[in-house]
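Protein chains: 2
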Amino acid sequence: MQTSDLFELLRDGRPRTRAQLAQVTGLARSTVAARVDVLIRLGLVAPYGDGASTGGRPPSLFAFNPGSRVVVGVDIGATHAQAVLADLSGAVLASAGAELDVASGPERVLGWVTDTVDQLLTEDRRDLSHLAAIGIGLPGPVEHSTGRPINPPIMPGWDRYDVPGHVQRRFPVPVLIDNDVNIMALGEQQAQWPSVTDLVFIKVATGIGAGIISGGTLQRGAQGTAGDLGHVRVTRADGLVCRCGNEGCLEALAAAPALAARLREAGAEVADGSQVVDLVRAGDLVAVQAVREAGRDIGEVVATLVNLINPSVVVIGGRLAAAGESLLAGIREVVYRRSLPLATEHLRIVSSVVGERAGSLGAAALAIGHVLSPEAIETASAAVGAKLAK
Amino acid sequence: MQTSDLFELLRDGRPRTRAQLAQVTGLARSTVAARVDVLIRLGLVAPYGDGASTGGRPPSLFAFNPGSRVVVGVDIGATHAQAVLADLSGAVLASAGAELDVASGPERVLGWVTDTVDQLLTEDRRDLSHLAAIGIGLPGPVEHSTGRPINPPIMPGWDRYDVPGHVQRRFPVPVLIDNDVNIMALGEQQAQWPSVTDLVFIKVATGIGAGIISGGTLQRGAQGTAGDLGHVRVTRADGLVCRCGNEGCLEALAAAPALAARLREAGAEVADGSQVVDLVRAGDLVAVQAVREAGRDIGEVVATLVNLINPSVVVIGGRLAAAGESLLAGIREVVYRRSLPLATEHLRIVSSVVGERAGSLGAAALAIGHVLSPEAIETASAAVGAKLAK
């Protein structure tokens, strides 16, 4: 039994005495006392009121103390960034956002990130010692183990850039990096579907991608590229050249830039995806039909995804999802027609509820998951132990 | 710290004394002694020679004892069944096989299963008390939590049949049921790719299906239908009616019966898939081309699977894989052309090495995984504890 196991026991928030912990775990009392001390020093556990009296001195109670430390979750989009300060239960304490072009490069963007972490800590009257970790989502493929973006198409200057290293020069805490769709899946699941173990979040915006949670775990795949929906080949995209260099990709047919281009050809004045959404909201028939058709095209690939992965919830998010029912209806139409009855019997296909905050909340969840992981607690415990021994 | 944690520590096979176990875990010596006793009674741990002398009486050593108990793994195919008796390390002690038509119904097929379990135990001079669990793979969708087949297309009489209940009337041990492709994935991984965490096994035979291991865990999805490659829509199958009732499924185009029908149209005398393989082996050009084309069609869907799941190994198995390089070459051709460079950079697409034994070995692995799981050990420990208290 390690210190992290003791913490797992206390994580439910119920206060317990040292004697109760010794009884439940079978650990020697002295061992329990030492490990509780370590957890208190780590800020994860705190004394809690007084234990029920057993006649003599009341025994002390201890419980998980989620408010003692904080994380920052950051979502970097193509043109916009958002950040939240959260405690270890995921409760949001402060937030910030800015227009920010990811193509302006890592120095500029990460400068905003570190300034914003400072600002959020100050806002909640926290100092550096309270900060436990930082989670960051980036709009491109990320090698999760090193936190480096790999050939990200819309992020010039970021290829294999040491993002954690840069941030850690200012904040010497664990920095976890993932791609934006993965953290959106985490954020939506934690906020809306905490008991769902098989959930796929599909982002439809400048690109199209998916974050896949299977068996309760975010699945990144062997190289971290799992969920790449956008570059699946669809027949209707035959002959269309994609920004990836290949032909026939779903993204070249159904992502926001493709829709905007098609509407321009039809005479509409649209520069980007958000204007497509504006047209749909204004009831423009051509735009509504184009978005519905994009939904059907996306639905072809989602039907395959449902056959292969068998999720119980598919969440549609991203800027184009803001067009409301048109996109969703097109996706549903094809999936319910094409996928196996057993796989769709209990399948729900829904719009993102968390919306624009899914990314930053998910990045915070990624950071919290790391801080409270057995591995991180053991490492931190060993460091505290070494300090005490000096 | 529970009894299962103590077992996890001992699972590496290295012998340890009670004192060493107490030191590593922080458990009281009396607790360690009691839990080691429980593990010995469960047959999971056994005394091991003598510990190094510390001057007085030599302390006893204990270690994981994989030979003390056995499991049976059974693979039921459409027309053939195979079974292995294995110890808790997965080492095969005895095996059996028979021609057996799954369509003859559950009573007949499970009668063979229970007779065979008896026979294998006798062969290895084991009695019922040695049998820890039975794993069974079936050629159709299975609800993993209950072990019941759900609308299995080639298994008349099996729909929602209580397979574990039937087997347990003769053998009162845990009985784990899964579909055949899932257990083949487990079997191939354990035997050939023990360190690979992201592996997909694709079976190409009468049907086409995949067993998906992501992040080291077999992924069954929300309803247990994950990996259903065969009913993904492919454009070249437009207009072809599938046995599932839908149109345009991959299976209707590229599985063994479709290939046999196409070769018959071309004038060849083929009744089933194994004769297609015979023709390919005999160098029949039409058959070779047909199998290669089937490989390309399957490759279209595998390319999507690689984009979505990002495995590092894709294993091609099943009867049609015995046609050798033709099928594999067709699949590789399309996947390496279509999937993202980052996803295919380290991707290996290979033929099954374990072949026909993958299923029964995987079923044994499924049974062993259950027996050695923390949950099963805690349940068994509690039962032993209750017995001792009487």
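Residue numbers (the working numbering), protein chains in the order written: chain A, -2 to 387; chain B, -2 to 387. For glycine and all other residues, C-beta sits at the position ideal for the given N, C-alpha and C. A quick note: this is a predicted structure, and the numbers were derived from the prediction, not measured.
### Query
Can you list the alpha helix (DSSP H) stretches of 4 or more residues lying completely in the segment 167 to 199 of chain B, in chain order?
177 to 189
### Message
Against chain A, with Cβ distances strictly below 8 angstroms, would B:His367 count as a contact?
### Response
no
### Query
When DSSP labels each residue in this structure, what does A:Gln272 get in the three-state scheme?
helix
### Interface residues of chain B facing A:Leu250 [CB-CB closer than 8 angstroms]
Within chain B, no residue comes near A:Leu250; the closest Cβ sits about 14 angstroms away, beyond 8 angstroms.
#### Entry: Three-state secondary structure (DSSP) of A:Ser50
Below a pLDDT of 50, predicted positions are generally treated as unreliable, and A:Ser50, at 48, falls in that range; the measurement from the model is reported next regardless. DSSP places A:Ser50 in coil when its eight states are reduced to three.
### Task
Output the distance between the C-alpha atoms of A:Ser92 and A:Val21, rounded to the nearest integer angstrom.
If you draw a straight line from the Cα of A:Ser92 to the Cα of A:Val21, it comes to about 40 angstroms.
### Task
Could you have a look at A:Ser336 and say whether DSSP puts it in helix, strand or coil?
coil
#### Entry: 6 angstroms Cβ shell around A:Ser370 - same chain, five flanking residues per side excluded
none
### Query
Which first and last residues belong to the alpha helix (DSSP H) in which B:Val368 is found?
Looking at the DSSP string, the run of the alpha helix (DSSP H) that includes B:Val368 is Ala355 to Val368.
### Message
I'd like the ranges of any alpha helix (DSSP H) spanning at least 4 consecutive residues and lying wholly in the segment 287 to 350 of chain B.
### Response
322 to 335 and 338 to 341
### Task
Determine the direct distance from the alpha carbon of B:Val35 to that of B:Ile374, and round the result to whole angstroms.
10 angstroms
### Message
Excluding the 5 residues flanking B:Ser50 on each side, which residues of the same chain have their C-beta closer than 7 angstroms to its C-beta?
### Response
Only weak support is given to the placement of B:Ser50: the predicted model assigns it a pLDDT of 48, under 50, and the value that follows is read from those uncertain coordinates. Cβ within range, chain order: n/a, list empty.
### Task
Below 7 angstroms CB to CB, which residues in the same chain sit around B:His367 once its five sequence neighbours on both sides are set aside?
Within the same chain, B:His367 has close Cβ partners Ala130, Pro171, Leu173 and Ala373.
### Query
Does the distance from the CB of A:Leu260 to the CB of A:Ala287 come in under 8 angstroms?
A distance below 8 angstroms separates the beta carbons of A:Leu260 and A:Ala287.
### Query
Any C-beta of chain A sitting closer than 8 angstroms to the C-beta of B:Gly212?
yes
### Cβ neighbours of B:Val110 in the same chain (closer than 6 angstroms, five flanking residues each side left out)
Val71
#### Entry: Where the alpha helix (DSSP H) through B:Leu18 begins and ends
Arg15 to Thr22
### Query
Which partner residues does A:Pro146 have in the DSSP bridge list?
A:Val139
### Task
Could you pull the start and end residues of the beta strand (DSSP E) that A:Gln116 belongs to?
Counting along the chain, A:Gln116 falls outside any beta strand (DSSP E), though it belongs to the alpha helix (DSSP H) covering Pro103 to Glu120.
#### Entry: Pick from B:Ala16, B:Gly23 and B:Ser1 that is closest to B:Leu58, judged by C-alpha positions
Ranking B:Ala16, B:Gly23 and B:Ser1 by Cα distance to B:Leu58 puts B:Ala16 first.
### Message
If we define contact as Cβ-Cβ less than 8 angstroms, is B:Ala88 a contact residue for chain A?
### Response
Look at B:Ala88: its C-beta is not under 8 angstroms from any C-beta on chain A.
### Cutoff 6 angstroms; reference A:Val274; Cβ partners in own chain excluding five residues on either side
Result list for A:Val274: Ala319 and Ala320, in chain order.
### Message
I need the DSSP call for A:Pro371, collapsed to helix, strand or coil.
### Response
helix
### Message
Taking its Cβ as the centre, do 16 or more other Cβ atoms sit within 10 Å of A:Lys384, making it buried, or is it exposed?
### Response
exposed
### Endpoints, alpha helix (DSSP H) assigned at B:Leu34
Going by the sequence as given, residue 34 of chain B is Asp instead of Leu. It spans Arg26 to Arg38 - the alpha helix (DSSP H) in which B:Asp34 sits, taken as one unbroken run.
#### Entry: Limits of the alpha helix (DSSP H) - the one that B:Ala207 falls within
Note, B:Ala207: premise wrong, no alpha helix (DSSP H); beta strand (DSSP E) at Ile205 to Ser211.
### Message
Please report the distance separating the alpha-carbon of A:Pro161 from that of A:Val29.
### Response
Near 35 angstroms, if we compare the C-alpha coordinates of A:Val29 and A:Pro161.
### Query
First and last residue of the beta strand (DSSP E) that includes A:Ser92?
Val89 to Glu96
### Task
Enumerate in chain order the residues of its own chain whose CB-to-CB distance from A:Val351 is below 7 angstroms, with the five nearest sequence positions on each side excluded.
Gly184, Glu185, Ala188, Gln189 and Leu358
### Closest by C-alpha distance to B:Ala207, when choosing among B:Gly144, B:Arg157 and B:Thr222
B:Thr222
### Segment limits, alpha helix (DSSP H) that includes B:Leu247
Leu247 to Ala251
### Query
Since B:Arg230 contacts B:Cys246 with CB under 8 angstroms, what's their CB separation in whole angstroms?
7 angstroms
### Query
Along the segment 210 to 241 of chain B, what residues have a CB closer than 8 angstroms to any CB found in chain D?
The chain labelled as chain D is not found among the protein chains of the depicted structure, namely A and B.
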